[in-house]
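Report on one structure; see the data block that follows.
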Amino acid sequence: MKYSIATKLNMTQLFDENGKVYPATILSYSDLKVTQSKSVEKDGYEAIQFGFGSKSKNQLSKAVLTHSGVNNEKKGFALLKEVKGISATKGDILSFDFVSGDLIEATGITKAKGFQGVVKRYNFKGGPRSHGQKHSERERGSSGAGGYQRVFKGTRMAGRMGGDRMTFKNLTVISVDVENKLVYIKGAIPGRRGTVIEIKQK
76 MKYSIATKLN
86 MTQLFDENGK
96 VYPATILSYS
106 DLKVTQSKSV
116 EKDGYEAIQF
126 GFGSKSKNQL
136 SKAVLTHSGV
146 NNEKKGFALL
156 KEVKGISATK
166 GDILSFDFVS
176 GDLIEATGIT
186 KAKGFQGVVK
196 RYNFKGGPRS
206 HGQKHSERER
216 GSSGAGGYQR
226 VFKGTRMAGR
236 MGGDRMTFKN
246 LTVISVDVEN
256 KLVYIKGAIP
266 GRRGTVIEIK
276 QK
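Residue 76 is where the sequence shown starts when you use this note's numbering, and the numbers rise one by one after that.
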């Protein structure tokens with residue numbers, strides 16, 4: 076299984092040799108250092124833990140600092156991630172091995188949009204703009220039938236929108252810039268600029 080973690084930068088457009096344009100998302104990746112290797116005998120399951128990014132020592136907990144192996148350095152890992160299905164030992168470096176044409180899954184946290192109404196959150200039509208109604212353009216309308224005197228669970232209403240973990244599947248790697256450590260992926264990827272994205276190919 077191929078696996079890596081990258082940071083979302085921005086979107087752009089790329090052209091192929093026939094002049095066809097593709098929307099592309101640019102991700103910045105880096106090599107991952109294995110900080111812990113878990114085994115079935117000791118931990119009950121097999122997995123590896125690796126570090127990603129960098130953060131000041133003053134902003135990290137003792138647990139993260141211990142796993143980072145930071146002694147005299149000023150910074151430690153900003154993120155520790157545990158992944159199953161990959162075999163490696165502590166101290167190994169996982170290099171970015173995705174190539175052009177790979178089909179991948181990209182997982183990240185979507186943009187958080189705060190408390191929103193049903194028109195923005197669920198694409199409701201809203202109320203009519205005529206027949207004496209001038210304050211109901213973005214209202215929900217009825218929340219249920221008259222026979223059941225309650226509102227069913229799961230009814231679509233206003234509430235917090237976004238900020239959910241989401242996976243986009245069957246995305247294509249267009250190209251990889253090894254020199255600048257950038258990867259161009261066809262289509263959109265969840266999250267804002269700076270969002271940490273997990274890239275996986277099973």
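The beta-carbon is built from N, C-alpha and C at its ideal position, and this holds for glycine as well.
Please read all numbers here as calculations on a predicted model, not as lab measurements.
- Here Glu-273 is bridged, per DSSP, to Ile-80 and Thr-182.
- Assignment of beta strand (DSSP E) within the segment 81-114, counting only whole runs of 3 or more residues, yields 96-104 and 107-113 in chain order.
- In chain order, Gln-88, Leu-89 and Phe-90 place their CB closer than 8 Å to the CB of Val-96, counting only its own chain and leaving out the 5 sequence neighbours on each side.
- Note on the segment 164-219: whole beta strand (DSSP E) runs with a minimum of 3 residues are 178-184 and 189-191, in chain order.
- By the neighbour-count definition (other C-beta atoms within 10 Å, threshold 16), His-142 is a buried residue.
- Below 8 Å, enough C-beta pairs join the segment 182-202 and the segment 222-238 to call them touching: three or more.
- Contact between Asp-167 and Val-109 is confirmed by a C-beta separation of about 4 Å, below the 8 Å threshold.
- Short of 7 Å from the beta carbon of Ile-264, and not among the five residues preceding or following it, lie these beta carbons of its own chain, in chain order: Lys-83, Thr-100, Ala-181, Gly-183, Phe-243 and Ile-272.
- Rounded to the nearest whole angstrom, the C-alpha separation of Ser-136 and Gln-276 is 32 Å.
- Secondary structure at Ala-122: strand, using DSSP grouped into helix, strand and coil.
- Asn-245 sits in a strand when the DSSP states are folded into three classes.
- Residue pairing by DSSP places Asp-252 opposite Leu-257 in a beta bridge.
- When secondary structure is reduced to three states using DSSP, Lys-132 falls in the helix class.
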